[in-house]
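The structure appears below as structure tokens.
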């Protein structure tokens with residue numbers, strides 16, 4: 038039985054439903070609550086009292102009373118007028134996440150939506166009829182108006198669906214499926230386009246992608262340490278009980294496990310080097326801080342997933358509470374924080390790659406057997422440097438900005454949609470930076486043979502070598518880099 042509509046849906050459960058939409062079933066209790074809320078709206082729409090968004094205009098037009106006979110047209114006009122997004126479509130998977138998140142919010146029974154609309158949205162998911170949503174146009178309050186308007190245009194026979202990798206008009210696809218466009222009733226259009234689901238879908242996706250990247254960053258750091266023949270003492274458990282940040286302790290424990298029983302590590306235990314550079318020595322502190330940011334966003338995202346974020350909220354038979362639950366600031370600020378956290382993983386990774394190319398501690402310059410004639414991995418680090426700087430330019434917090442909209446009625450907005458988009462861009466760049474570090478670290482480890490590494494690192498090294506051989510002399514490195522990037526993006530490297 039589906040858990041849609043309950044107030045404690047976990048992110049892991051959401052992912053199960055995304056991959057198995059046939060499991061989404063509205064329970065009798067959910068349908069009853071949704072119907073009750075819907076009937077309350079119908080009563081308000083025909084009453085004499087002005088209720089925002091039900092029998093009035095929107096935004097600065099909230100003082101304009103709408104006749105009961107015009108409320109259906111009002112809701113249709115709302116979707117059409119607010120669908121002003123521009124730019125490339127967001128990935129289909131993001132649109133799908135938006136759709137499921139909205140279904141869950143509406144199923145709480147405080148939005149005035151009819152069961153008919155809710156059931157049609159679930160059918161869209163189950164038939165893989167995923168609407169096309171442009172990436173730009175939201176300011177993150179009153180929620181993600183433009184993206185959500187595009188997401189729900191197909192309900193009324195407008196807009197577009199994904200058809201494989203192409204975009205097709207919604208109307209003929211609905212006709213082919215035998216589905217008649219829905220005529221929206223009072224408040225339904227407003228309930229659909231008011232909310233934070235564009236921001237929320239980006240946060241959920243960022244958490245999912247960065248979870249793997251965080252683990253991969255530890256793998257890359259451990260491989261670099263082995264290639265550099267650095268010290269494992271900075272990962273001692275006692276050290277991290279004296280400054281017990283959860284993320285730091287997790288990374289230190291992982292590094293100890295990744296280096297366990299390494300012959301290479303023990304081969305230089307009595308060397309005269311006292312300390313390693315920060316990029317190796319401070320891995321728990323830097324990677325750990327990024328993990329702490331991830332944990333914080335996960336807590337906030339779970340709250341938002343189970344929240345009602347449209348406006349107004351239908352409280353009871355007589356009250357529609359107009360407030361600001363649509364404001365994206367709670368996630369916007371945390372997404373900006375996570376953007377910095379992700380960027381730092383790339384920043385320190387680039388520094389580690391640079392260390393391995395300096396030609397010190399027994400490694401040849403640029404990790405080339407014949408440096409000079411061959412440039413080895415010299416220019417690969419240029420690429421990581423460029424990506425790191427690109428990420429730095431994306432770290433300006435969008436949530437620190439606000440531009441008044443809607444004739445000043447909406448005079449402070451979150452810009453959280455931009456926070457979410459930038460966060461995913463940075464994570465994708467970090468995937469490329471780490472892929473290059475893995476390639477460079479694997480080359481450095483080859484110069485430590487015949488020493489053996491931990492079982493886990495030997496496994497990862499074998500995975501890399503299955504697609505990219507060691508660099509004996511200069512070759513077309515972009516091909517090698519793309520192969521490892523693909524492994525990272527597909528999350529096939531065992532972390």
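Numbering (my numbering), first residue to last: 38 to 532.
Glycine included, every Cβ here is placed at the ideal spot set by N, Cα and C.
- The criterion of a C-beta distance shorter than 8 Å is not satisfied by residue 208 and residue 389.
- When C-beta atoms of the stretch 357 to 369 are compared with those of the stretch 177 to 185, three or more pairs fall below 8 Å, so the two segments count as touching.
- When the five nearest sequence neighbours on each side are left out, the beta carbons in the same chain lying within less than 6 Å of the beta carbon of residue 493 are those of 295, in order along the chain.
- Contact between residue 488 and residue 304 holds: their C-beta atoms lie close to 5 Å from each other, under 8 Å.
- Residue 167 sits close to residue 198, with the two beta carbons spaced by under 8 Å.
- By alpha-carbon distance to residue 332, the top candidate from 368, 348, 299, 300 is 368.
- The criterion of a C-beta distance shorter than 8 Å is satisfied by residue 284 and residue 325.
- By alpha-carbon distance to residue 118, the top candidate from 311, 230, 278 is 230.
- Straight-line spacing of the CA atoms in residue 478 and residue 435 works out to 35 Å.
- Note: residue 351 is bridge-paired with 357 in the DSSP secondary-structure output.
- Residue 531 places its beta carbon 8 Å or farther from that of residue 504.
- Per DSSP, the beta-bridge partners of residue 197 are 206.
- About 24 Å separates the beta carbon of residue 146 from that of residue 184, a gap too long to meet the 8 Å contact definition.
- In this structure the stretch 373 to 390 does not touch the stretch 76 to 89; the number of beta carbon pairs closer than 8 Å is below three.
- Between residue 247 and residue 375, the CB-CB gap stays under 8 Å.
- Shown here for residue 418: same chain residues with a beta carbon closer than 8 Å to its own, the five before and five after excluded, namely 387, 390, 391, 394, 473, 477 in chain order.
- C-alpha of residue 243 to C-alpha of residue 62: approximately 27 Å in a straight line.
- Looking only at 153, 220, 265, 130, the smallest Cα-Cα distance to residue 202 is reached by 130.
- For residue 351 and residue 250, the gap between their C-alpha atoms comes out near 41 Å.
- For residue 124, the enclosing beta strand (DSSP E) has its first and last residue at 123 to 126.
- Residue 224 counts as buried, since at least 16 other C-beta atoms from the protein chains shown sit within 10 angstroms of its C-beta.
- For residue 300, the uninterrupted alpha helix (DSSP H) run begins and ends at 300 to 304, by DSSP.
- A direct Cα-to-Cα measurement between residue 111 and residue 453 gives close to 27 Å.
- Straight through space, the alpha carbons of residue 427 and residue 400 are spaced by roughly 29 Å.
- Two segments are said to touch when three or more pairs of C-beta atoms, one from each, lie closer than 8 Å; by this definition the stretch 65 to 76 touches the stretch 137 to 154.
- When C-alpha distances from residue 424 are compared across 162, 510, 463, the shortest belongs to 463.
- Nearest to residue 200 by C-alpha distance, out of 191, 171, 165, 194, is 165.
- Its Cα nearest to that of residue 266, the residue 310 stands out among 256, 310, 108.
- Excluding its 5 nearest sequence neighbours in each direction, residue 471 has C-beta neighbours in its own chain below 8 Å: 250, 253, 254, 257, 382, 383, 386, 525, listed in chain order.
- In this structure, residue 54 sits away from residue 47, with a CB-CB distance that is not shorter than 8 Å.
- In terms of Cβ geometry, residue 491 and residue 297 form a close pair [threshold 8 Å].
- For residue 173, the enclosing beta strand (DSSP E) begins and ends at 171 to 173.
- Taken in chain order, the whole alpha helix (DSSP H) runs of length 4 or more contained in the stretch 105 to 157 are 108 to 119, 129 to 143.
- Spanning the alpha carbons of residue 159 and residue 102 requires a straight line of approximately 33 Å.
- Residue 263 counts as buried, since no fewer than 16 other beta carbons sit within 10 angstroms of its beta carbon.
- By the neighbour-count definition (other C-beta atoms within 10 Å, threshold 16), residue 279 is an exposed residue.
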